[in-house]
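Take a look at the structure set out below.
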Amino acid sequence: MIHRVPAAVIFDFDGVILDSETPEYESHRQVSEMFGVPLELGEYLGHVGLYHVDHETQWFMRLRDRSPNPPDRPTFDAEKRRIFNDLVPREPMRGILDLLDALAAVGVPMAIASTSTSRWVVPASERLGIRVRFATVVTGDDVARRKPAPDVYLEAARRLGVDPARSIAVEDSAPGITSARAAGLKTVAIPHWLTEGHDLSAADLRVAHAGELTVARLARLLIA
0 MIHRVPAAVI
10 FDFDGVILDS
20 ETPEYESHRQ
30 VSEMFGVPLE
40 LGEYLGHVGL
50 YHVDHETQWF
60 MRLRDRSPNP
70 PDRPTFDAEK
80 RRIFNDLVPR
90 EPMRGILDLL
100 DALAAVGVPM
110 AIASTSTSRW
120 VVPASERLGI
130 RVRFATVVTG
140 DDVARRKPAP
150 DVYLEAARRL
160 GVDPARSIAV
170 EDSAPGITSA
180 RAAGLKTVAI
190 PHWLTEGHDL
200 SAADLRVAHA
210 GELTVARLAR
220 LLIA
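FYI, the numbering for the sequence shown is 0 to 223, going by numbering that gives the first Met the number 0.
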């Protein structure tokens, strides 16, 4: 029997709701190799879970400086976008839909708190058919500081009108866990294959996929 349900459950988007992390990596890797510059996985991993406004410019300059036949910026952007769009899944990640259904059934409000841009997260969630399930979507465009700062989670909790200390964040990366904990939320880590090497030990619970989560299991995280 559940004696207490979370005030809210707030989800990261990339790597938690949608596996956009794999096509993002693959698009960078394939474009780099297309122009003669191998992209080692280790070099890429340090960027996962973070976002900078000049992120793509940094990758383009890396390729431009190392390639024997570098592309111009429009070509780089177009090729990367083509590969990403070919690879990005059309369905949410394992267990997400069932978890959203279970939370909705007991009246737990839900939000997305992503460090990515609104122009990506909002249309992507709409294409998956799940945007309407979330009371609000907070992105890096809506706050002064992106993850690992707590801003997106604090803003999501504010919009929902809930106490962060009675809310739960679902994340896949170390910057995300740091962000949610700094905002005062309990945290669940679902490592993506690109983030399984992150230090996720600060999470209150770690699972392999969202299908391992139930409302009761989340509620137990709030019992001191």
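Backbone N, C-alpha and C fix where the C-beta goes; we use that ideal spot for every residue, glycine too.
Residue i: first and last residue of the uninterrupted beta strand (DSSP E) it sits in
i	result
V137	T135 to V137
I305	This structure leaves residue 305 out entirely; the chain is present only between 0 and 223.
Reference residue i, options the options, closest by Cα
i	options	result
L221	A164, V131, I129 and V36	A164
D64	N84, A7 and S31	S31
S188	Y152, L99, D162 and L204	The amino acid at residue 188 is misidentified as Ser; the sequence shows Ala. Of the candidates Y152, L99, D162 and L204, the one whose C-alpha sits nearest the C-alpha of A188 is L204.
L241	F12, H197, E195 and E154	Residue 241 cannot be examined here, being either before or after the span of the chain that is shown, 0 to 223.
T186	R216, L159 and R157	R216
F34	V15, T74 and V121	T74
E55	V107, A202, R130 and S26	S26
L40	E211, L212, L193 and A209	L193
H208	F59, G14 and E42	G14
L127	A6, R118, A103 and R89	R89
S18	R93, R3 and V8	The residue asked about is misnamed: residue 18 is Asp in this sequence, not Ser. Selected option, being the one with the closest Cα: R93.
Residue i (DSSP reduced to helix, strand or coil)
i	result
E211	helix
D11	coil
S31	helix
M0	Only weak support is given to the placement of M0: the predicted model assigns it a pLDDT of 41, under 50, and the value that follows is read from those uncertain coordinates. Of the three classes helix, strand and coil, the one that applies to M0 here is coil, per DSSP.
A218	helix
V187	strand
S200	coil
L38	coil
A182	coil
R118	helix
L193	coil
I176	helix
R72	helix
A77	helix
I111	strand
D18	coil
Limits of the unbroken alpha helix (DSSP H) element including residue i
i	result
M60	H54 to R65
A148	Premise fails: A148 is in no alpha helix (DSSP H) and is neither H nor E.
I95	I95 to A104
Quick test of the definition: if touching needs 3 or more C-beta pairs under 8 Å, does the segment 106 to 116 touch the segment 76 to 86?
no
Which ranges would you report for the alpha helix (DSSP H) in the segment 149 to 173 if only whole runs of at least 4 residues count?
150 to 159
Whether or not the segment 138 to 148 and the segment 171 to 185 are in contact is what I'm after, with contact meaning three or more pairs of Cβ atoms, one per stretch, closer than 8 Å; do they touch?
yes
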